[in-house]
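Here UniProt numbering is used: the first residue of the sequence shown is 1, the next is one more, and so on. Every residue, glycine too, gets a C-beta built ideally from N, C-alpha and C. Okay, structure first, notes after.
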Amino acid sequence: MIKVTGVVLRRASDGAVLTVRKRSTGMFMFPGGKPEGDETPLETGIREVREELGISLTPEQLRPVGEWHSDAANEPGHGLHSHVFVSTVPLTDTPVPAAEIVELRWQPLAGAEDVTDLAPLARLHALPALCAVSSGACATGGES
């Protein structure tokens, strides 16, 4: 079981979430990755967002969305134990990809369950959890 942390970053204008595609995969996922040393999931998320997107977050700006087990998107045959956090600070600009990130995509909450190139963690677990607490954003095409 591979341990990872993902961080959901929302766009201020419409609530869409930022997904990234890493160099080694065709799947889009949340910014994040594996812990280094004895990092907590929260520390991992903060470090990964800084490395991958150049965005500095503080622990106070993140709240837990959930913890799930799912299939790994870019390591076939492996499972993930994932912690997902959401930033309480909406983004007003699109960040610049760095490290292993080759593509960014804003994903509306509405219809995400039908997007075939979204990683299982995002499509099956985290985005439905966000929809459940987003006052109808999923049913109305991202508008609240």
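Taking the C-beta atoms as reference points, Leu42 is found no nearer than 8 angstroms to Val49.
The beta-carbon separation of Leu80 and Leu124, rounded to 11 angstroms, does not stay under the 8 angstroms limit for a contact.
Taking the CA atoms as reference points, Thr88 sits about 26 angstroms from Asp114. Between the C-alpha atoms of Trp68 and Trp106 there is a straight-line separation of about 22 angstroms. Distance check between Gly45 and each of Asp38, Leu62, Gly111 places Leu62 closest, using alpha-carbon atoms only. Residue Ser13 holds the alpha-carbon nearest to the alpha-carbon of Asp93 among Gly6, Ile2, Ser13. Burial check for Pro31: the Cβ neighbour count within 10 Å reaches 16 or more, so the residue is buried. If you draw a 10 Å sphere on the C-beta of Val133, you find fewer than 16 other C-beta atoms in it, and that means exposed. Contact between Ala99 and Glu52 holds, since their C-beta atoms are separated by about 5 angstroms, short of 8 angstroms.
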